[in-house]
Each structure stands twice: as structure tokens, then as C-alpha cells.
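Structure record follows, encoded as C-alpha cells.
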Amino acid sequence: MYSLAKIEYPRFALHNGPMSTSPTFLGRYPATRLRRNRRTPWVRALVAENRLSAADFIYPIFVGEGAKTRTPVSSMPGIDRITVDLVAEVATEAAALGIPALAIFPEVDPACKTPDAREAYNPDNLVCRAIKAIKAATPDIGIICDAALDPFNSDGHDGIVEDGIILNDPSVELLCRQSVVQAEAGCDVIAPSDMMDGRVGAIRAALDAAGFEQVSIMSYAAKYASAFYGPFRDAIGTKKALKGDKKTYQMDPANGDEALREVALDIDEGADMVMVKPGMPYLDIVRRVKDTFGMPTFAYQVSGEYAMMKAAVKNGWLDNDTAMIEALMAFKRAGADGVLTYFALEAARLLKRD
Ligand code: PBG
Numbered sequence: 090m091y092s093l094a095k096i097e098y099p100r101f102a103l104h105n106g107p108m109s110t111s112p113t114f115l116g117r118y119p120a121t122r123l124r125r126n127r128r129t130p131w132v133r134a135l136v137a138e139n140r141l142s143a144a145d146f147i148y149p150i151f152v153g154e155g156a157k158t159r160t161p162v163s164s165m166p167g168i169d170r171i172t173v174d175l176v177a178e179v180a181t182e183a184a185a186l187g188i189p190a191l192a193i194f195p196e197v198d199p200a201c202k203t204p205d206a207r208e209a210y211n212p213d214n215l216v217c218r219a220i221k222a223i224k225a226a227t228p229d230i231g232i233i234c235d236a237a238l239d240p241f242n243s244d245g246h247d248g249i250v251e252d253g254i255i256l257n258d259p260s261v262e263l264l265c266r267q268s269v270v271q272a273e274a275g276c277d278v279i280a281p282s283d284m285m286d287g288r289v290g291a292i293r294a295a296l297d298a299a300g301f302e303q304v305s306i307m308s309y310a311a312k313y314a315s316a317f318y319g320p321f322r323d324a325i326g327t328k329k330a331l332k333g334d335k336k337t338y339q340m341d342p343a344n345g346d347e348a349l350r351e352v353a354l355d356i357d358e359g360a361d362m363v364m365v366k367p368g369m370p371y372l373d374i375v376r377r378v379k380d381t382f383g384m385p386t387f388a389y390q391v392s393g394e395y396a397m398m399k400a401a402v403k404n405g406w407l408d409n410d411t412a413m414i415e416a417l418m419a420f421k422r423a424g425a426d427g428v429l430t431y432f433a434l435e436a437a438r439l440l441k442r443d
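Using this note's numbering, the first residue of the sequence shown is number 90, and each one after it goes up by one.
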């Protein structure tokens, strides 16, 4: 028999600061037993570093034309595309659960899609009608709308396409018009998801010039050209329209430092909140953004992340509730102030029950 106390353990330093290199600071076994703080539910609750609540969620909803119809999105089990007359119901439920905001995404009638994406700034388009329906039903929930042309563009791109090139400045002009129209309909937060250069500053100026200095901007500041948007493009019917990929404007997944430059520029241009997207594969970026700028920082747990988890759950390979909560908690731990998540309703209901 040997005494465990005599075993030499390496002295790990958690940080490089002078305090942390001291073994008394870190503690040593056997006097220190980290399992004591994990022994019971009450002690785990007491020492938990992060908490999750409905107030952390933004719920993205898909709206489509028609009446009284819910159309399940097949690649996103549990998510329906709904008609505008059903939007108020969802908004009211989300508000009652304590979810602070919704993000609206439209499935635009293909007949309204044109190369100049003019439907994007039609004041009576699907997004504007959905905003008004929500505002009429409940003032208790914030409304976030994308500034991007893809749902309205017959080329399926976030900007205007000419000879295969996604034009920057002409696209920004249209994004400004789109943003103002959405603000006029009652949108609280414009979320530029298009990744054109300079769009945050231009949208800020356009909103201010139109008297909407109180309308916020949550920029999709570091948005990557990701494979994980597939189910979303099914949901809003942009997959078929999309010619090529989005690599000339969305970021290369290989890059991290560049994300900090993107975020810095958007803050400089007037963004109130910044977002990283996708979510779970990019939590390193979330952490760096939060540490570097201390801004209200959000992450988008995108459609493909949701689809992966639901597919595994359907096969019996993952437990829905624990995997969902763990994934959402990971965003908080990484420094996110909130998460855009298709799990929002489900998770809020679960958290309310517990
Ligand atoms: C489009 C937009 C996309 C998402 C939000 N806004 C897709 C894309 O850039 O192709 C993705 C959301 C998701 O996958 O859940 N501007």
C-alpha cells in the first residue's frame, strides 16, 4: 500500500499570472478534491458559473404566403413555416415564456423574386406584414429582421449579381432601403446578414436620416460561408435559386483574426450588438469577440446545427433535452449574451418546468 498523498503531481498553472503558479492557489490533492463541489444538485447549482434562461434566446421564425397554414420544414423537425395570420400566436407564446425577441425570415413567392430584388423594399412585403401582425398582437417582444437580399433575389445571393459578381455598393443601397421599410413597419432591430462591406454604417445613416435613430443594429459581424445553412435555405426556398456559393462575401472558416477585424469595423460603423454565425463550430470566435470588445455578443445556432441534433435524437442517438441544454449552455460559457436558436420555444418551456 502506498499513500496517495506522497505521489508527486504536476503543478498546473491555469493562467500565466503570478498568483496562479502557486500550488496553494490551485490546491493539491488530497486536501483539494474538486469532486466535493459536484457532490449534490444543490452544490452544483451553487457553484455554477453560467445560467441559462429564456431571456438568453432569440427565436427565428419562418413565414410564408397563404392563410392558416403551418408547413413543417422537413430538415428541421419541430419547426414549421407559418402564414402571417399565425405569427401573432407564436409571438404571444414566445413573449409569455420570457423570450425577448423573434427574428423573421420570409419564404418569398418565387414570382416576386427578381434580379434587382425590389420586393425587399416593398413596404407591403411578407416581412413587413409579419412585423405589423406581431406588433398588433404583443408589444412585449422585440422584432429582429435581416437586411439581406437573398429571399427576394432570383439569384439567391445576399447582394445584387452582375456578370457573376456580387456587387457591393449597389447592394448596400438596397439594404438601406430594405432596412428603412422594415423600420417603418415596426421592426426594432435591423440585422444585416449580407456581409457586404460598409453596410452597417450606411444602414445606420439611412435609419437616422429617416428618423429611426432608436432602431438598433445587430450585425452579423462574423458570418462564415458555412455548410450548416442548408436546412435554412430549404425553409425559405433559396436553395434552388442560389447560383454558386457565398464565398466572396461570407468569411472563410479558416480565419479567426479576420473575424475580429470584421467586428471592429461593424462597431466603428455603429453596430449596437454583434453576432457570430454559425454557433457551435465557432465558439472560439465568440470567446475572442467577447474578450476583445466587451460588446453585447450573440451567436446563431444555425439550421444545420439544429438539424444535426434533431436527426441524432430521432435515431435515438442523443437525448433531446440534455443535449439541447448542454449546447445552449456552451454558448453562454463561450461568452455569448444570447443565442439565436430554433430550440428557443422548446428550451424555454423546459426551463420553465424545471
Ligand atoms: C441569409 C441568411 C442565412 C441565414 C440567416 N440569414 C443563410 C445564408 O447566408 O445563406 C442562416 C440561418 C440558418 O442557417 O439557420 N442572409
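Just so you know, even glycine gets a beta-carbon here, dropped at the ideal spot from N, CA and C.
Treat the numbers as computed from the prediction; the structure is a model and nothing was measured.
Query	Result
For Pro-149, list the residues DSSP reports as bridge partners.	Ala-192
For Ile-429, which residues does DSSP report across the bridge?	One detail in the question is off: residue 429 reads as Leu in this sequence, not Ile. In DSSP, Leu-429 forms a bridge with Ile-147 and Tyr-389.
Can you give me the start and stop residues for the beta strand (DSSP E) that Ile-168 sits inside?	Per DSSP, Ile-168 belongs to no beta strand (DSSP E) and is neither H nor E.
Counting Cβ pairs, one atom from each stretch, are 3 or more of them under 8 Å apart for the segment 424-435 and the segment 360-380?	yes
If you measure from the CB of Gly-393, is any heavy atom of the ligand PBG nearer than 7 Å?	yes
Counting only runs that start and end within the segment 284-329, where is the beta strand (DSSP E) found for 3 or more residues in a row?	305-312
Give a single yes or no on whether Ala-400 has its beta carbon closer than 7 Å to a heavy atom of the ligand PBG.	no
At 4 residues or longer, what runs of the alpha helix (DSSP H) sit wholly inside the segment 362-411?	372-382 and 392-403
Does at least one heavy atom of the ligand PBG sit under 7 Å from the Cβ of Arg-322?	yes
Looking only at its own chain, which residues have a Cβ that is under 6 Å from the Cβ of Pro-130, when we skip the five neighbours before and after it?	none
Considering Asp-235, what are the terminal residues of the beta strand (DSSP E) in which it resides?	231-236
Is there a Cβ from chain C that is less than 8 Å from the Cβ of Lys-202?	Here chain C cannot be found, since the structure has a single protein chain.
Less than 8 Å between the CB atoms is what I'm expecting for Ala-248 and Ala-437, so what's the real figure, rounded?	According to the sequence shown, residue 248 is Gly rather than Ala. Rounded, the Cβ-Cβ distance is 35 Å, inconsistent with contact.
On a CA-only basis, which of Ile-356, Ile-193 and Asp-244 is nearest Phe-321? Give me that one, please.	Ile-193
Take the Cβ of Leu-135 as the centre, count every other Cβ of all protein chains shown within 10 Å, and call the residue buried at 16 or more, exposed below.	exposed
Report yes if the C-beta distance between Val-365 and Ala-311 is below 8 Å; otherwise report no.	yes
Does the beta-carbon distance from Gln-339 to Ala-314 come in below 8 Å?	yes
Tell me whether Ile-249 sits in a helix, a strand or coil according to DSSP, three-state version.	coil
Rounded to a whole number of angstroms, what is the C-alpha to C-alpha distance between Leu-429 and Pro-119?	43 Å
Taking the alpha-carbon positions, what's the Ile-356 to Ser-305 distance?	12 Å
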